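Residues 21 to 168 (the numbering used here) make up the sequence shown, in order. Okay, so here's the structure we're looking at.
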Amino acid sequence: MNDTIIRETLERLQAEIDPVTRIRLAPDRAALNAALAAFERCAVEPLRQPGLLAVYALLDAALARHAEPIRLDDPQLTRRILDGDYLYSLYVQYALKCREESLLRGLAPFVKKVQIARALGRSAEIALLPAFERALADAKEAGPHEPA
21 MNDTIIRETL
31 ERLQAEIDPV
41 TRIRLAPDRA
51 ALNAALAAFE
61 RCAVEPLRQP
71 GLLAVYALLD
81 AALARHAEPI
91 RLDDPQLTRR
101 ILDGDYLYSL
111 YVQYALKCRE
121 ESLLRGLAPF
131 VKKVQIARAL
141 GRSAEIALLP
151 AFERALADAK
161 EAGPHEPA
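Here it is in structure tokens:
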């Protein structure tokens, strides 16, 4: 079941990415399985899970593209920055498409902390899944989610 959700989600996401960018998503399947397990722990409705998984995969990919330290002599620097920015904007766009505004609000402080830390040259390990779980729990406490 999880393999089907993951495969279909990745196919749907790859179709959302403009081919001109030449961005290919290659997320860690173990991380996606862990995300699905977290959605189960948070009692996320099954119909909502593929959209959330897509949002998770996009944010993870955006953060990964921006993860490496900035070296001005890096020939791939511009490409990594542009790819990360593109994936981050697609993360926001896709979350809105899935009507996950409360999740975006919940994750915004986490994303800002990561961005600020990286701007200051600190590239610590990112705990995306726990932040995602907290945002889901906070959104659940705030009120019911209306599916798209």
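Glycine residues also receive a C-beta, built at the ideal position from the N, C-alpha and C atoms. Since we're looking at a predicted model, the values are computed, not measured.
Of the residues Ala63, Phe152, Lys117, the one placed nearest Val131, counting alpha carbons only: Phe152
Straight-line Cα distance separating Gly71 from Ala115: 8 Å
Cβ-based burial, Gly173 [other Cβ within 10 Å; buried from 16]: Beyond the ends of the chain as shown, which are 21 and 168, falls residue 173; an answer cannot be given.
Start and end residues, alpha helix (DSSP H) containing Gly141: Here Gly141 belongs to no alpha helix (DSSP H), and DSSP marks it neither H nor E.
Ala128 versus Asp80 - alpha carbon distance: 14 Å
Test item: CB-CB of Thr24 and Ala77 under 8 Å: no
Whether Leu123 touches Leu156 by CB criterion (8 Å): yes
Per-residue DSSP class, three states only, for Val64: coil
Residue ranges of each alpha helix (DSSP H) within the segment 72–129, 4 or longer: 97–117
Straight-line gap, Asp105 to Leu45 (C-alpha atoms, nearest Å): 14 Å
Cutoff 6 Å; reference Ala168; Cβ partners in own chain excluding five residues on either side: Because Ala168 sits at a pLDDT of 47, beneath the cut-off of 50, its placement in the model cannot be relied upon, and the following sentence gives the value as read from the coordinates. Closer than 6 Å at Cβ, skipping near neighbours: Cys118, Arg119.
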